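Enquirer: Chains as they are written, first to last, in this note's numbering: chain E, 513 to 1138; chain S, 112 to 549. We treat Cβ as the ideally placed atom computed from N, Cα and C, and that holds for glycine. Remember, it's a predicted structure, so these values are computed and weren't measured experimentally. The structure under discussion is supplied below as structure tokens; questions concerning it will follow.
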């Protein structure tokens, strides 16, 4: 093992306010031969060292200056996670531009909206698919876009759009500019100020059009200092560092992946590994065996469902062992949950036995054999899921934060875990979080609070209280005066006709722990009783149907089968048993189509757009109250 | 960094490594060290349950090694290229006789004249002699491979013309041509029944008296360690096997190897895809015969005296058995098959001997011995005869072995076409997938 450098000291005063770009430069100066990123290409993980990475960032930054990107100009990036994403992001910050990330799944209409809303000057696209979303429309649709840089030339090379520029040519341009103006980028970096907006993070917009949250260098610095560099987060208090590896697979335009990938990279030198695609995450995880792993609840649920299903399909002997050790894992998990995530001597012994026979194998197959810190956030997760993963020995911590406060809010800290809560405020912002006594809303006030929405002062004003606290829109309550439990989004709280306040996400998450259920939406605001729209998990239910010798054709056909309805009905009953009578689901309907981002039913982060779903399936909903 | 991440491939070298993990590298080293120690000192390993590495067994192990080299060759032709051949014994014979003609008759003058066929009629030599040039091993060993390979190339056009069963018949013909030549040319082959002497494995620079490295006598090697003749022969031949193994393994994963496999899977399709059928069938035959030639030369030299009759059809069938039981097309399977086929008869025989010793002892073992063995007396029953070697019921151990192989080949062909290697794959995948099935 090569010696790894410690985190380099922050840049000295003369070189401008520290930004993510200057942090990257510091790494390249102090440890040029250290590994920064890995990217898989044609079956081989290619490694990028800090020295080379910074050279490329510099060339890209010079290229941006050559293209006329000035202080405060927007550079948009529309690509899957890849090294060019990070390089362009850091290069943009280096020239004091503003990075705007877009979800790879964004349809053309949303691309048009976002590009024009932020007024991007340079637009980076990954390939023909993303380029077409811009160049197929008349140039006058995008008055501000001057250059479209593409990374993969296949299918674009012959296009004659004058705005197009190949990535390699862009870097060559940068190299030439660098030869002529050696210090242009360094100069820009030296002028960086703490109030510079460094990125616009577009909120996914469960209601209304997406809004671009402006995050400044100050926000980013505070975010890195508080989230990445809180040693209490980790077992043994060991901060993330160059010996740690992470898999980058969630969209980088989302604040969570940005914090745990780009900022962990420039902040602490965590080695980033770019997954080939979201479909290959499982295989990539097994190859990389990361030490730090962040996932949204949907991923955790899928991992758990994968284990359950594959376990059920294995041979009788294996199944027997599996059943036995899953029980053991359940017991260990419950014990750890009761002990704030800590081990007892008894669970340690039980775990050691389980490790030999089962847990090591399962963790290896999940790609989590070396995970020392795992996080979940961005949406509520069912405690049962966390319990299981804690049972197979993972340290999973639920975190809470949002785009508007740069994801700085609460986290479960090592040894003080309370499952079911989102943890306690980070030690650095003890007094920066409060719960409004009247509305129960969680509010934050600290250096990572964003400065406003891009071009929407009215919306910005709505987001802050009169005394400057950020309104998160989440209802929360204190648990034991230390931890915070998020009840639900304020807008989602259901008040039944009987006047009872009910949080639908808790019920929905319990429903979603069933491997057969993909998505669930509880309805009942101002109604007599609760009902639910449920989307089945096509693969799992399909396999189940096959095992029952039940022929089916399409998703719709499958979800209309009486046997399937009976199957889901059983799952719903199981959920009902866990809740009070008023919180029981009286009726449910299966959604006859797969929910999709492009049809407007899900956001880019796969969150349900409740109003659109309710609208699209009004007849189903009304049918349940007839 | 890659340590503990066995699936992380950072270069094509890593991706194509024969032993990708440190565990596998360590296992190989451990195996080699253990084998060396076991061969070296019976003294160290008295606690081993069987006298597997005593000198009684070592000769057999050397033979197994030699057969392993030949089987590797046949695997390249049958398993990798998919050309059925029953002529492997012929190619082994070619190598063996090339060796004896180039390296035999050390120290005798004029014996080259016997190498010209029909020299009597040409008036070259008065009395009958045996052909041999007395050349050193570094000439005759490679040459025996090369000559066999050349003959293989000459035969290979037949494989383009005929396929499957017909090719088997054509190559079968080679064996009989070989036997006939052996009978026709006593100056080359020696007496048809009793054979002739082969050159020793001593390594000489040229024809000098004291060899550079002494193999054929017990004694100190390099003034360091005392070894018996068989031990020395083992180390030399095992080293050759390792080289051949390494080459075969690399061949299979090279461009040539992939071309050969394409031809195996469907020669017409391969040709359509741009893999020249004739060229690669020729290559397959050449490489396969090269291996056979080397093995034949070593076989002759190690045994010391061989007659043409030994390179008959039975030997060819032995190799087919090795491939089918071990697993055609895989290097590891070939090695497993060789070990199994060559050592099983000895194991069965030793077991019978041991059982015979227990005949008069009481207890369950004596009972079992009584039940299994028969000495041919009145009222003595049991399937295994220890009194007679002739066929008939009860059968002797020798015939039982033949039956066992026949049954095994049938069983493997029906239930496990990948042979012992397939069994290993199944076991490995069972644990690899643990606790899942896929």
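Among residues of its own chain, excluding the 5 on either side of residue 990(E), which ones have a beta-carbon nearer than 7 Å to its beta-carbon?
Expert: Contacts found: 947, 996.
Enquirer: Output the distance between the C-alpha atoms of residue 1063(E) and residue 1057(E), rounded to the nearest integer angstrom.
Expert: Near 7 Å, if we compare the C-alpha coordinates of residue 1057(E) and residue 1063(E).
Enquirer: Fully enclosed by the region 888-944 of chain E, which alpha helix (DSSP H) runs are 4 residues long or longer?
Expert: Listed in chain order, they are 895-903.
Enquirer: With a CB to CB cut of under 7 Å and the five nearest residues on each side skipped, what residues in its chain are close to residue 1134(E)?
Expert: Same-chain partners within the cutoff: there are none.
Enquirer: Along chain S, which residues have their Cβ under 8 Å away from the Cβ of residue 877(E)?
Expert: Residues of chain S passing the Cβ test: 547.
Enquirer: Label residue 653(E) either buried or exposed according to how many other C-beta atoms from any shown protein chain fall within 10 Å of its C-beta, with 16 as the threshold for buried.
Expert: Exposed is the call here.
Enquirer: Using the Cβ count rule (16 or more neighbours within 10 Å means buried), how would you classify residue 205(S)?
Expert: Per the 10 Å Cβ criterion, buried.
Enquirer: Looking only at its chain, what residues have a beta carbon closer than 6 Å to the beta carbon of residue 172(S), apart from the 5 residues adjacent to it on each side?
Expert: Answer for residue 172(S): no residue qualifies.
Enquirer: What does residue 122(S) touch in chain E if you count any residue whose Cβ is under 8 Å from its own?
Expert: Correct list: 556.
Enquirer: Can you tell me where the alpha helix (DSSP H) with residue 391(S) in it begins and where it stops?
Expert: Where residue 391(S) is concerned, the enclosing alpha helix (DSSP H) stretches over 388-414.
Enquirer: Of the residues that make up the region 788-805 of chain E, which ones have a beta carbon closer than 7 Å to any beta carbon in chain B?
Expert: As a matter of chain content, chain B is missing from the structure shown, whose protein chains are E and S.
Enquirer: What are the residues in the region 352-379 of chain S lying within 7 Å of chain E by C-beta distance?
Expert: Here the close residues number zero.
Enquirer: Starting from residue 588(E), trace the alpha helix (DSSP H) both ways and give me its first and last residue.
Expert: Counting along the chain, residue 588(E) falls outside any alpha helix (DSSP H), though it belongs to the beta strand (DSSP E) covering 586-590.
Enquirer: Rounding to the nearest angstrom, what Cα-Cα distance links residue 119(S) and residue 550(E) in this structure?
Expert: Looking at the two C-alpha atoms, the distance is approximately 11 Å.
Enquirer: By the 10 Å Cβ neighbour count, where 16 or more other Cβ atoms means buried, how is residue 1046(E) classified, buried or exposed?
Expert: Under this definition residue 1046(E) is a buried residue.
Enquirer: In chain order, which beta strand (DSSP E) runs of at least 3 residues are fully inside the region 583-670 of chain E?
Expert: Listed in chain order, the complete beta strand (DSSP E) runs (minimum 3 residues) inside the region 583-670 of chain E are 586-590, 610-614, 632-637, 659-662.
Enquirer: What does residue 115(S) reach in chain E if we use C-beta pairs closer than 9 Å?
Expert: Correct list: 801, 881, 882.
Enquirer: Would a C-beta distance cut-off of 8 Å place residue 395(S) and residue 187(S) closer than the cut-off?
Expert: Cβ distance < 8 Å, so residue 395(S) and residue 187(S) count as in contact.
Enquirer: Drop a sphere of 10 angstroms on the beta-carbon of residue 549(S), count the other beta-carbons inside from all chains shown, and report buried for 16 or more, exposed for fewer.
Expert: Exposed, because fewer than 16 other Cβ atoms sit within 10 Å of the Cβ of residue 549(S).
Enquirer: Around the Cβ of residue 405(S), are there at least 16 other Cβ atoms within 10 angstroms (buried) or fewer (exposed)?
Expert: It counts as buried.
Enquirer: Quick one: Cα of residue 804(E) to Cα of residue 116(S), how far?
Expert: One C-alpha to the other measures close to 15 Å.
Enquirer: Which residues in chain E sit within 9 Å of residue 126(S), going by Cβ to Cβ distance?
Expert: Here the neighbours are 555, 556.
Enquirer: Less than 8 Å between CB atoms is the rule here; does residue 1040(E) satisfy it with respect to chain S?
Expert: Residue 1040(E) does not count as touching chain S.
Enquirer: Looking at the structure shown, is residue 459(E) part of a helix, part of a strand, or coil, going by DSSP?
Expert: The question about residue 459(E) has no answer, for chain E in this structure spans 513 to 1138.
Enquirer: Report yes if the CB atom of residue 506(E) is closer than 8 Å to the CB atom of residue 956(E), and no otherwise.
Expert: Since the displayed chain E opens at 513 and closes at 1138, residue 506(E) lies outside it and no answer follows.
Enquirer: For the region 816-842 of chain E, which residues have a CB atom closer than 7 Å to at least one CB atom of chain S, in sequence order?
Expert: Within the region 816-842 of chain E, the residues whose Cβ lies closer than 7 Å to some Cβ of chain S are 822, 823, 825, 826, 827, 830, 833, 834, listed in chain order.
Enquirer: Where does residue 564(E) fall in DSSP's three states?
Expert: Residue 564(E): helix per DSSP, three-state reduction.
Enquirer: Would you give the residue range spanned by the alpha helix (DSSP H) that residue 1062(E) belongs to?
Expert: Premise fails: residue 1062(E) is in no alpha helix (DSSP H) and is neither H nor E.
Enquirer: Quick one: what's residue 507(S) bridged to in DSSP?
Expert: Paired residues: 496(S).
Enquirer: Answer yes or no: does any C-beta atom of chain S fall closer than 8 Å to that of residue 668(E)?
Expert: Closer than 8 Å: no.
Enquirer: Taking the straight line between their C-alpha atoms, what separation do you get for residue 481(E) and residue 1018(E)?
Expert: Only positions 513 to 1138 of chain E appear in the structure, and residue 481(E) is not among them; the question remains open.
Enquirer: If residue 604(E) sits next to residue 587(E), beta carbons under 8 Å apart, how far is it from one beta carbon to the other, in whole angstroms?
Expert: Their Cβ separation, rounded to whole angstroms, is 4 Å, which keeps residue 604(E) and residue 587(E) in contact under 8 Å.
Enquirer: Strictly below 8 Å CB to CB, what residues from chain S border residue 874(E)?
Expert: By Cβ distance, chain S contributes 546.
Enquirer: Kindly indicate if chain E contains any beta-carbon less than 8 Å away from that of residue 536(S).
Expert: Not closer than 8 Å to any Cβ of chain E, the Cβ of residue 536(S) fails to qualify, so no.
Enquirer: On a Cα-Cα basis, can you pick out the residue from 1111(E), 844(E), 539(E) that is closest to residue 777(E)?
Expert: For residue 777(E), the nearest C-alpha among the options comes from 539(E).
Enquirer: Answer with buried or exposed for residue 539(S), where buried requires no fewer than 16 other C-beta atoms within 10 angstroms of its C-beta.
Expert: The residue in question, residue 539(S), is exposed, as its Cβ has fewer than 16 Cβ neighbours within 10 Å.
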